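Participant:
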Amino acid sequence: MGATALEKTVHGGEPGEALHVPVLLREVISLVAPRPGGVYVDGTVGLGGHSAAILERIQPGGLLLGIDRDGEALEKASGRLKAFGGSFRPVHDNYKNLPLALNRLGIAAVDGILLDMGVSSWQLTSEERGFSFQSDARLDMRMDRTQARTAADVVNETPEGELADIIYRFGEERLSRRIAAAIAEARCEAPITRCSQLAGIVSRAVPRHGFGRGRQRIHPATRTFQALRIAVNGELDGLEDFLAEACGALKPGGRLVVIAFHSLEDRIVKRAFRRLAGQCVCDAPPELCQCPREASAKVLTSRPRTPGRDELDSNPRARSARLRAVEKS
Ligand SMILES: C[S@@+](CC[C@H](N)C(=O)[O-])C[C@H]1O[C@@H](n2cnc3c(N)ncnc32)[C@H](O)[C@@H]1O
């Protein structure tokens, strides 16, 4: 039996094949507010869940530019969105190159941009992509597999002090020095090439008490794996500047909607949006603040939108999602 339209929108595959469930779908649609004939960008197409819902609402005559740096994900999404014909234009690129992509296509400004950052459930659970500490796959973690540097390169080639900084900064891991020392010791014996091998080294380096109890319910390697993924893919590089550029690519009244999955990302989004709205982003007392007060957008989400109980029950992976949106003035 074939999947219903809703099941396909939600999962990206046949029933039972939950490739990726788009998070905060209702909020995304209400804030992007796609309308027939409009031009939109999904900067993180993934398996195309949000894209499908946008495409349904921009007919007739609309265009959705669908960007993803993961060629395989884009291929899957393109297959799934085939029914929308030329309304869906797939672009294999980093969304940070959006201004160039728009320029190439002769598009001066768009009605809305969506970024649903991070990785999809499909990427996380695909053995060979090497994102998960629960797998025995090669330590890879590249979203774009045409990129040369893998997580194994970072783990085996980065000096110990720098590795500790990466784990501390991108993983917010207070045991970063201890973990980096354990990695440095282990790689002297043999290169660290597999996810399970790294997960074991990290687990043995941190104290046993706490894991599985209270606040420490996460696997001891969770933060280290997050840090390496961010480093391998340069996820936070230039993000704040890019958000300002993306807002610049909107028509007046156009909206930029961003979903972040960890506090580092969300802090950057919050700060960029405050800056766009002409609000203070510094810690100086008001009389010394020199933040530019010119607003080019208004913040639509004074507090981030988060998934409700129903969504969390059906999709626990949505738990850390934080959605923020601005509207170009
Ligand atoms: C959370 S998933 C998006 C899921 C999608 N909204 C859906 O409903 O299926 C994030 C996707 O963004 C892609 N991605 C992450 N950072 C990117 C970047 N800087 N440029 C382009 N794509 C990126 C990842 O490869 C992944 O496919």
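Numbering (our numbering), first residue to last: -12 to 316.
For each residue, glycine too, the CB sits at the ideal point set by N, CA and C.
None of the values given here were measured: they were computed from a predicted structure.
1. Opposite P77 in the DSSP bridges: which residues?
2. Could you check what DSSP says for P86 in three-state terms: helix, strand or coil?
3. Out of G66, A60, V32 and G58, which has the shortest C-alpha to C-alpha gap to L51?
4. Is P303 buried or exposed, if buried means 16 or more other CB atoms sit within 10 Å of its CB?
5. In chain order, what residues of the same chain have a beta carbon less than 8 Å from the beta carbon of G201, not counting five sequence neighbours either side?
6. Are A247 and L11 closer than 9 Å when you measure CB to CB?
7. Between F157 and F229, what straight-line distance do the alpha-carbon atoms span, to the nearest angstrom?
8. In terms of alpha-carbon separation, which member of E149, R181 and T180 lies closest to A168?
9. Excluding the 5 residues preceding and the 5 following K(-5) in the sequence, name in chain order all residues of the same chain whose CB lies nearer than 6 Å to its CB.
10. Can you tell me whether DSSP reads V286 as helix, strand or coil?
11. Is A133 buried or exposed, if buried means 16 or more other CB atoms sit within 10 Å of its CB?
12. Within the present structure, is the beta-carbon of G99 separated from the nearest heavy atom of ligand 1 by less than 8 Å?
13. Identify the continuous alpha helix (DSSP H) that holds I255 and give its terminal residues.
14. Output the distance between the C-alpha atoms of P77 and Q266, rounded to the nearest integer angstrom.
15. Quick one: using the 10 Å Cβ neighbour count with 16 as the cut-off for buried, is R210 buried or exposed?
16. Please work out which residues of its chain come closer than 7 Å, Cβ to Cβ, to E115, disregarding the five sequence neighbours upstream and downstream, and give them in chain order.
17. Going by Cα to Cα distance, which pick from R296, A218 and A177 is closest to T137?
Facilitator: In short, the structure shows the following:
1. Residue 77 sits at position 90 when you count from the first residue of the sequence shown. According to DSSP, which records beta bridges pairwise, P77 is partnered with G53.
2. Counting from one through the sequence shown, the residue named residue 86 turns up at place 99. Of the three classes helix, strand and coil, the one that applies to P86 here is helix, per DSSP.
3. One-based indexing of the sequence shown puts residue 51 at position 64. Scanning G66, A60, V32 and G58 for the CA closest to the CA of L51 turns up V32.
4. Your numbering for residue 303 matches position 316 in the sequence shown. With fewer than 16 Cβ atoms within 10 Å of its Cβ, P303 is classed as exposed.
5. Along the sequence shown, one-based indexing puts residue 201 at 214. Low confidence applies here, because G201 scores a pLDDT of 49, under 50, leaving its location unreliable and the question unanswered by this model.
6. By one-based count along the sequence shown, residue 247 stands at place 260. By one-based count along the sequence shown, residue 11 stands at place 24. Not a contact, by the Cβ cut-off of 9 Å.
7. Walking along the sequence shown from the start, residue 157 turns up at place 170. Walking along the sequence shown from the start, residue 229 turns up at place 242. Per the coordinates, the alpha-carbon of F157 lies some 19 Å from the alpha-carbon of F229.
8. Here residue 168 corresponds to residue number 181 of the sequence shown, with the count starting at 1. Of E149, R181 and T180, the residue nearest in Cα terms is E149.
9. Locating residue -5 in the sequence shown gives position 8, counting from the first residue. In this predicted model, K(-5) has a pLDDT of only 47, less than 50, meaning its place in the structure is not dependable; the value taken from the coordinates is given anyway. No residues qualify anywhere along the chain.
10. Locating residue 286 in the sequence shown gives position 299, where the first residue counts as 1. Note: V286 maps to strand in three-state DSSP.
11. As a working note, residue 133 is residue 146 in the sequence shown. Sequence check: residue 133 is Thr here, not Ala. Exposed: under 16 other Cβ atoms inside 10 Å.
12. Position 112 of the sequence shown, counting from 1, holds the residue named residue 99. Judged by the Cβ position, G99 fails to qualify as a neighbour of ligand 1 at the 8 Å threshold, every heavy atom of the ligand being at least this far.
13. Translated into positions along the sequence shown, residue 255 becomes position 268. In the DSSP annotation of this structure, the continuous segment of the alpha helix (DSSP H) that includes I255 starts and ends at S250 to L263.
14. Mapped onto the sequence shown, residue 77 falls at position 90. Mapped onto the sequence shown, residue 266 falls at position 279. P77 and Q266: Cα-Cα distance of roughly 35 Å.
15. In the sequence shown, the residue the question calls residue 210 occupies position 223. By the Cβ neighbour-count rule, R210 is buried, with 16 or more other Cβ atoms within 10 Å of its own.
16. Locating residue 115 in the sequence shown gives position 128, counting from the first residue. The residues are A124.
17. Here the question's residue 137 lines up with position 150 in the sequence shown. Checking every option, the nearest Cα to that of T137 belongs to A218.
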